[in-house]
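A short write-up of the structure that comes next.
There are 2 protein chains.
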Amino acid sequence: MKKKVSLKDIAERVGVSITLVSYVLNNRFKDRINKEVAQKIRTTAEKLNYRPNHIAKSLKTNKTFTLGLVVADIANPFFSSLARIIEDEAEKYNYTVIFGSSDESAERSRKLINIFMDHQVDGLIIAPAENDESIIETLRKTKMPFVLIDRYFPDMDVSYVVVNNFEATFHGINHLIEQGYTRIGMIGFKTRLVNLKERKAGYKAALKKGGLTFNKNWLKEVQVDDPGIGEVENAIHDLLSLPEPVDAIFFASNKVSTTGLKYINTLSVNIPGDLAILTFDESDATEIFYSRLSHIRQPLSEMGTEAVKILFENISNTKKITQRVLQAELVIGKSTPVVK
Amino acid sequence: MKKKVSLKDIAERVGVSITLVSYVLNNRFKDRINKEVAQKIRTTAEKLNYRPNHIAKSLKTNKTFTLGLVVADIANPFFSSLARIIEDEAEKYNYTVIFGSSDESAERSRKLINIFMDHQVDGLIIAPAENDESIIETLRKTKMPFVLIDRYFPDMDVSYVVVNNFEATFHGINHLIEQGYTRIGMIGFKTRLVNLKERKAGYKAALKKGGLTFNKNWLKEVQVDDPGIGEVENAIHDLLSLPEPVDAIFFASNKVSTTGLKYINTLSVNIPGDLAILTFDESDATEIFYSRLSHIRQPLSEMGTEAVKILFENISNTKKITQRVLQAELVIGKSTPVVK
DNA sequence: TTAATTTGTTTAAACGTTTAAACAAATTGG
DNA sequence: CCAATTTGTTTAAACGTTTAAACAAATTAA
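Encoded structure:
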């Protein structure tokens, strides 16, 4: 097929100026423009199958109707579900989403953010990685609107949407204690990411409040990035091999819970008889693992829509900072029954 | 912070023409250009924190270094894993990916493809929906390079990367028969999508070859798009309530297997004692379901890299059509033991 | 009847790049 | 020493839009 048709082609065909064609197709000055000419322009545009060149438009208007999404890993169901919600929400504003996975690396984050800015996105939604403070800080000094999601930096004055990790975990662990568990292990992450640190803090606080003294052998921390073959497996093994093995395990995210559960499947451990399970995040695992798992459910849908909403407020109103902490909810399944 | 810096700003600062700045920063004519001037340009670019305006560049060069990815649903782990692979692969070519979910609707497919083309993407990777023939056919007549993935249209002369659905399923069902199962149910889809029809055909062919006469009560077909609340659950219920219940179920995709397994969990059916399970696609469920599931594994990584490779061949060489059928592999787990 | 206004359309510049072509100055060749 | 070449740089047009401003013709007002 032939060349792409431009306003010029239509203009020539109809015998008018490019400007007029532009006005008609953008419905501007409709009270001024001759109805018949307008109609003719419209029909030839249709006939020639005209599609506006978004790039040219963007160059002039400085709006690309594109937004950049930086997540840790789009293959992680947590982020892909979020991505889907963001996609749908963005579509309502006629926006398209370009995405990238940082793999929890600050270097990759920076690279992605730069690339997206080079592409002149109108805004960014970012799940920042561990050492992204400086990147985000530079971004803040820029006129580029953005919202952090899932993770944030406590005393940085930027928009974000996160959940109440501390309280949610606190409640979760508290639930375990109330059910009668007394040796509660946790598999978390070796990281400075606040959302994950809050989960750790919530765990410890709940133990304390429940009158259980924290035993450092109960807390296992793995790498956030590069999974580390067998790290989770070893952690579980260790927790179960203690002189007094744990009677419950709290998985701090879907990532560890998924690998963890796979491993537990290979052991002859009876859930929840021998071991109770509580996990942060919902996933297929939550329902498929043979006893329905008790878990802490993040309001994904709300997170996504809020993030987009805040971003667009930021895009139009500029520099309005909104920080939202949503409530994660404890869903009690069958993996944490009352201890007999 | 201030305005974005452009080539013009650098040019003015250094006291040279915009052209020269462009040449230097793009490393063109390096043998001609005065080393010191070049250096000065580079350092001021650095100092001003110059970032090229990709949009302006694209307008001139007609390349956006962006590609569009259309999947059924980015939240489906099958597609998000694929997306991740495509992302990584595209990055090697310095490409960014914009994505959209069609929800198996032709109308949405068309819309997404149009949007992506308006954004002047350099190419498209598309998992087409059920009635996308005409859209793809129009696309074919265009100069836009594209590759279909996962699904294709048998006698359309376009590039694609798919798997051998028929044979893979045939082998899978054959395995069940060899293990001694004689009443094998299938939960598939009510659809015209070839990849799924091939799975059905493979199922039937294997039954026939195995000397089992196909019983139409064994085959349940659900909607591909709009899941239909309880459809899968009812199907399973029916299969197990037959006068002679099935002794094995083949799930035709991760989508049905995930919901199916969740439901089976709520029943008092013993897997694999009462019921063997075979599923197409790998997912967390495959390993987490308490007996490791036998399944048919699609070579996701190969699919993604091949698709990108073919797309880029198409982008540079133009109109070279490549059709790749990759081999899906039967992974024998513990859900399909020999019948005693 | 002429000035002011309205109507319908065009001109021209701009957005930030790329790139072919032009050009002046310096260098080389014969 | 002059012509030809090389070196280093600039001019100008272009990509496909948008948009302020200009404009000519028709209409209205006084």
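Which chain is which? The protein sequence lines are A and B, in order. Taken in order, the first sequence gives residues 739 to 1078; the numbers are from the numbering used here. Taken in order, the second sequence gives residues 739 to 1078; the numbers are from the numbering used here. Glycine included, each C-beta is placed from N, C-alpha and C at the ideal position.
Just to confirm my understanding: we take residue i, look at its own chain, exclude 5 residues before and 5 after, and list those with CB closer than 7 Å. What are they?
i	result
D963 of chain A	D841, E842 and S843
M739 of chain B	Residue confidence is low: M739 of chain B scores 49 on pLDDT, short of 50, so the model does not pin down where it sits. Its coordinate-derived value is still stated next. Cβ neighbours of M739 of chain B beyond the five flanking positions: none.
K1058 of chain A	E1051 and N1052
G918 of chain A	V1076 and V1077
N933 of chain A	D888, R889, V900 and N903
Q1036 of chain B	V901, D1019 and A1066
The alpha helix (DSSP H) spanning residue i covers which residue range?
i	result
S839 of chain B	From DSSP, S839 of chain B is part of no alpha helix (DSSP H) but of the beta strand (DSSP E) over T834 to S839.
E845 of chain A	A844 to D856
K1072 of chain B	Neither: K1072 of chain B is in no alpha helix (DSSP H) and is coded neither H nor E.
G998 of chain B	N992 to T1004
G910 of chain A	N903 to Q917
L977 of chain B	E969 to S979
In angstroms, rounded to a whole number, what distance separates the CA positions of residue i and residue j?
i	j	result
V1069 of chain B	L1049 of chain A	45 Å
V754 of chain A	N765 of chain A	16 Å
E875 of chain A	E845 of chain A	15 Å
R770 of chain B	V759 of chain B	13 Å
F816 of chain B	L886 of chain B	15 Å
R751 of chain B	H792 of chain A	32 Å
T757 of chain A	E774 of chain A	16 Å
K938 of chain B	D893 of chain B	19 Å
A1066 of chain B	N1003 of chain B	27 Å
L805 of chain B	N902 of chain A	37 Å
Y1001 of chain A	E971 of chain A	6 Å
F927 of chain B	D811 of chain B	16 Å
F904 of chain B	H975 of chain A	42 Å
L1064 of chain B	F767 of chain B	45 Å
L921 of chain B	K935 of chain B	Checking the sequence shown, residue 921 of chain B turns out to be Arg, not Leu. Rounded to the nearest angstrom, the two C-alpha atoms are 21 Å apart.
P790 of chain A	D856 of chain B	6 Å
F952 of chain B	D895 of chain B	34 Å
K742 of chain A	E825 of chain B	28 Å
Less than 8 Å separating the beta-carbons of residue i and residue j?
i	j	result
L1038 of chain A	I823 of chain A	yes
S1032 of chain A	G1071 of chain A	yes
D888 of chain B	A906 of chain B	no
H913 of chain A	T1074 of chain A	yes
I863 of chain B	T834 of chain A	no
E1051 of chain B	R1062 of chain B	no
E868 of chain A	L957 of chain A	no
I1023 of chain B	S991 of chain B	Here the sequence assigns Ala to residue 1023 of chain B, which means Ile is not the residue at that position. Going by C-beta atoms, A1023 of chain B is not nearer than 8 Å to S991 of chain B.
S726 of chain A	A813 of chain B	As shown, chain A starts at 739 and ends at 1078. That puts residue 726 of chain A outside it, with no answer to give.
V1007 of chain B	E827 of chain B	no
A783 of chain A	L763 of chain A	yes
D860 of chain A	K942 of chain A	no
L999 of chain A	I1026 of chain B	yes
T997 of chain A	S897 of chain A	no
F803 of chain A	N832 of chain A	yes
With a threshold of 6 Å on Cβ separation, who are the neighbours of residue i within its own chain once the five nearest residues in sequence on each side are excluded?
i	result
S838 of chain A	Position check: residue 838 of chain A holds Gly in this sequence, whereas Ser was assumed. If we look at G838 of chain A and ignore the five residues flanking it on each side, its Cβ neighbours are V808 and L850.
S744 of chain B	none
A973 of chain A	I925 and K958
R848 of chain A	I873
E871 of chain A	F891
G923 of chain B	W956, L977, V984 and I987
What does a CB cutoff of less than 8 Å around residue i pick up in its chain, not counting 5 residues either side in sequence?
i	result
L1016 of chain B	G910, I911, H913, L914, A986, I987, F988, F989, L1031, S1032, H1033, I1034, S1073 and T1074
D747 of chain A	L786 and Y788
A749 of chain A	S755, I756, L758 and V759
K830 of chain A	none
I779 of chain A	I748, V752, V754, L758, V759, V762 and L763
May I ask which residues mark the beginning and end of the beta strand (DSSP E) holding residue i?
i	result
S1032 of chain A	S1032 to R1035
Q1065 of chain B	Note, Q1065 of chain B: premise wrong, no beta strand (DSSP E); not H, not E.
F989 of chain B	A986 to F989
G923 of chain B	I922 to K928
I887 of chain B	F884 to I887
T804 of chain A	T804 to V809
V960 of chain B	L957 to Q961
S1017 of chain B	According to the sequence as given, residue 1017 of chain B is Thr; it is not Ser. Taken as a continuous stretch (DSSP letters only), the beta strand (DSSP E) holding T1017 of chain B covers A1014 to F1018.
G861 of chain A	G861 to I864
Check: At a Cβ cut of 8 Å, what residues of the region 849-861 of chain A count as close to chain B, listed as they run along the chain?
Finding: N852, I853, F854, M855, D856, H857 and Q858
Item checked: Members of the region 987-1010 of chain A that neighbour chain B once the beta carbon cut-off is set at 7 Å -> T996, L999, K1000 and N1003
Notebook entry, point to check: Listed in chain order, which residues of the region 862-875 of chain A have Cβ atoms closer than 8 Å to some Cβ of chain B?
Noted result: none
Note to self: So if I threshold CB-CB distances at 8 Å, which residues from the region 787-810 of chain A count as touching chain B?
What the structure shows: R789, P790, N791, H792, I793, A794, S796, L797, T802 and T804
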